[in-house]
Amino acid sequence: MTVTANSVLSRSAGRRPMSWGTPLTYALALAVAAVSIAPIVYVIVGGFRTTPQIVADPAGLPDPWVWDNYARVLTQSDFWRQAFNSAVIALGTTLGVVVLGLCAAFVIARYTFRGREALHTFFTLGLLFPAGAAILPLYLMLRDLNLINSYYAVILPQVAFSLPITIVILRPFLSAIPRELEDAAAIDGADRLGFLWRIVLPLSRPALVTVGILAFVASWNAFLLPLLVLGDVNLHTLPLGVQNFSSQYTTDTAGVLAFTSLAMLPALLFFTLAEKQIVGGLQGAVKG
């Protein structure tokens, strides 16, 4: 009788309690994913149709598949010039965000000084400040510095507005590095910069990749700031190129969809390939 009771208890203990939360969670996740992915798929597939096909059946599939729209966009010199401008600005912004964010977060995380928490709170409050509210004074300041119609007019403000989230993500990683490693590095003759370069940089790679990707994607998709400070058409980025193309070819809906697809494709691929790095970096920031 004892054996039977023990076996029943072990079997009941091994069973998982039924939970309706998991199916509901998956259903909500699938619904959110569908809502997010459907517009992207519609734009990409719409580029393989003709404008009459889209007008006749907006939700239909290409029949037949048309490649001329993408070929026409890829053969335009304006597209490649705008892609080059977007790449220069996005890479410059990413480099500035990673370097300056790492240095600032390292000081806040590893140094002890009066006002350290107040400084961290100041950067955290920067997350609540909308960039659009500073557009007018920012434009006036850039004009006074003679930076209008230059890459710096976009890169420098984007770096500044990306620093708060960068420091919030990096500080937990840098704080979690044991003090024993720093003491061991000091015994080996490494100063603080040597410790930062040899120890902190490799250990913080997931967080650095995360903030770098977020900065790159945000810069690539930026529209309002380049619109205001880049009056020279030769300096326009791809988001501005989409606007120019859609204004020039208002009746060519399929061509506009093809241009839009190619403009968002690099950032989309970049974000998708590095998705695991972003998740790992954000998880580490939350745990810290």
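Per my numbering, the very first residue in the sequence shown carries number 14; after that it's consecutive. C-beta: ideal position from N, C-alpha, C; glycine also.
Relative to the Cα of residue 115, the nearest Cα in the group 216, 53, 256 and 271 belongs to 216. Counting only the Cα atoms, residue 72 lies some 16 Å from residue 271. Restricting attention to alpha helix (DSSP H) runs no shorter than 4 residues, the region 70 to 148 encloses them at 81 to 87, 90 to 123 and 129 to 138, ordered along the chain. Its chain contains 56, 57 and 60 as the residues whose beta carbon lies nearer than 6 Å to that of residue 274, once the 5 sequence neighbours on both sides are disregarded; these appear in chain order. Under the criterion of beta carbons closer than 8 Å, residue 251 and residue 90 do not qualify as touching, at roughly 14 Å. Residues 280 and 284 of the same chain have their beta carbon placed closer than 6 Å to that of residue 230, with the five preceding and five following residues left out of the count. Residue state for residue 63 is assigned as coil, using DSSP reduced to three classes. It is roughly 14 Å from the alpha-carbon of residue 40 to the alpha-carbon of residue 49. At the C-beta level, residue 172 and residue 227 stay beyond 8 Å of one another. Here residue 247 carries a helix assignment [DSSP, helix/strand/coil].
Residue 236 carries a coil assignment under DSSP once its states are collapsed to helix, strand and coil.
Per the coordinates, the alpha-carbon of residue 260 lies some 47 Å from the alpha-carbon of residue 119. In this chain, residue 202 is not harboured by any alpha helix (DSSP H), its DSSP state being neither H nor E.
Distance from residue 182 to residue 223 at the Cβ level is roughly 6 Å; contact confirmed, criterion being Cβ atoms closer than 8 Å. Nearest C-alpha to residue 64 among 54, 76 and 53: 76. For residue 182, the three-state secondary structure derived from DSSP is helix. CA-CA distance, residue 69 to residue 143, rounds to 41 Å. One thing to note: residue 117 has its Cβ within 8 Å of the Cβ of residue 180. In this structure, DSSP gives residue 212 a helical state, which the three-state scheme calls helix. With respect to the C-alpha of residue 186, the residue from 267, 268 and 220 having the closest C-alpha is 220.
Counting other Cβ atoms within 10 Å of its Cβ, residue 247 stays below 16 and is therefore classed as exposed.
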